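Reminder that position 58 of the sequence shown reads as 58 in the numbering used here, one-by-one numbering, no gaps. Note that beta-carbon positions come from the ideal geometry of N, C-alpha and C, so glycine has one too. Predicted, not measured: the structure shown is a model, and the values here were computed from it. Let me begin by presenting the structure, written as structure tokens, before commenting on it.
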Amino acid sequence: MAIAASCGSLNALTLGLPTRAAVPDAKGALPKQMFIGRGAVSAKTKQRFATDIESISMLAILRPATTGLAESRRFPEILVLGLHVPSGAAVPVEVIDHIAAQRQGGIVFVCVRDGGPLPDAETGEPIASDAEQCAFVVRRNVPVKPGHTPITKVHAGAWRPAAGSRLTVYGTTMEELWDSLCAQTIADDIDGSDIDARIAARERATFLESEYAKAKAAHARARTTEQRNAAYGKMLAIRKELAQLKV
1 MAIAASCGSL NALTLGLPTR AAVPDAKGAL PKQMFIGRGA VSAKTKQRFA TDIESISMLA
61 ILRPATTGLA ESRRFPEILV LGLHVPSGAA VPVEVIDHIA AQRQGGIVFV CVRDGGPLPD
121 AETGEPIASD AEQCAFVVRR NVPVKPGHTP ITKVHAGAWR PAAGSRLTVY GTTMEELWDS
181 LCAQTIADDI DGSDIDARIA ARERATFLES EYAKAKAAHA RARTTEQRNA AYGKMLAIRK
241 ELAQLKV
């Protein structure tokens with residue numbers, strides 16, 4: 001088979017995706033103009049493409065024929081798109097949001113950079129690293145009530161060493177595959193069931209942790225028993241809800 005298109009050292013095969021889904025190297029490189037040359041695009045977005053993105057590559061196209069999964073009307077295919085960003089750069093959320101908005105199907109973005117901070121395995125604190133790194137990113141619809149304006153959100157996984165980073169084809173249908181890929185990105189879990197509920201729980205937990213820190217600070221600076229009791233009561237309520245979320 002022809003050499004697979006790559007983003008840094010990563011391609012469909014090193015990511016663990018089916019050989020049939022790999023895009024040949026000769027067809028992988030995509031010009032930035034392809035995504036900003038149509039319709040009205042703000043100057044800010046154009047600047048993001050210029051400064052936040054070094055190159056764009058189509059790594060794989062996941063379809064029923066290349067995955068062996070059953071068809072799905074919502075997700076006839078899922079693209080795996082490589083974005084090479086400058087060393088130490090953050091995930092280019094605005095660029096990803098712009099690209100994903102141009103397609104109805106799903107896209108898994110594989111962001112690659114040559115070095116940057118990585119979380120320490122023991123403490124979780126960021127430490128400098130010059131190793132090649134990648135982060136998986138998806139743009140997913142937020143569940144809303146029927147008739148309400150659709151909402152989407154970009155979800156980025158943590159940066160990790162590129163070596164050993166994998167995406168797994170999991171599920172029986174293309175829609176189940178999309179949920180699984182989102183779970184792999186957001187929750188580091190192959191099981192995509194109830195992923196929207198789990199996303200909501202994680203976001204609620206993040207908010208509560210922020211509120212807990214505020215309540216703890218208020219308790220520390222309280223000057224009266226009433227103020228201390230109020231802050232402590234809020235801390236207890238938050239801890240209880242966090243325990244119920246189980247995230």
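- Selection R103, I96 and R198 evaluated against C111 yields I96 as nearest (Cα-Cα).
- The C-alpha of R74 is placed about 8 Å away from the C-alpha of Q104.
- DSSP places G164 outside both helix and strand once states are collapsed to three, so it counts as coil.
- The bridge partners DSSP lists for A156 are V137.
- Taken in chain order, the complete alpha helix (DSSP H) segments of 4 or more residues contained in the stretch 20-93 are 25-28, 33-36, 43-52 and 64-67.
- Bounds of the beta strand (DSSP E) holding I107 are G106 to D114.
- When beta bridges are read from the DSSP output, I151 appears opposite V142.
- Here F109 is not near V142, since their CB atoms are 9 Å or more apart.
- By alpha-carbon distance to K27, the top candidate from K44, I61, T152 and H219 is I61.
- Counting C-beta pairs closer than 8 Å gives three or more between the stretch 151-164 and the stretch 111-121, which meets the contact rule.
- Counting along the chain, D179 sits inside the alpha helix (DSSP H) bounded by residues M174 to I186.
- Spanning the alpha carbons of G68 and T185 requires a straight line of approximately 22 Å.
- In this structure, the CA atom of K246 is about 23 Å from the CA atom of E125.
- Sixteen is the threshold: since fewer than 16 other Cβ atoms of the shown chains lie within 10 Å of the Cβ of S87, the residue is exposed.
- Straight across, the Cα-Cα distance linking R198 with C7 is about 30 Å.
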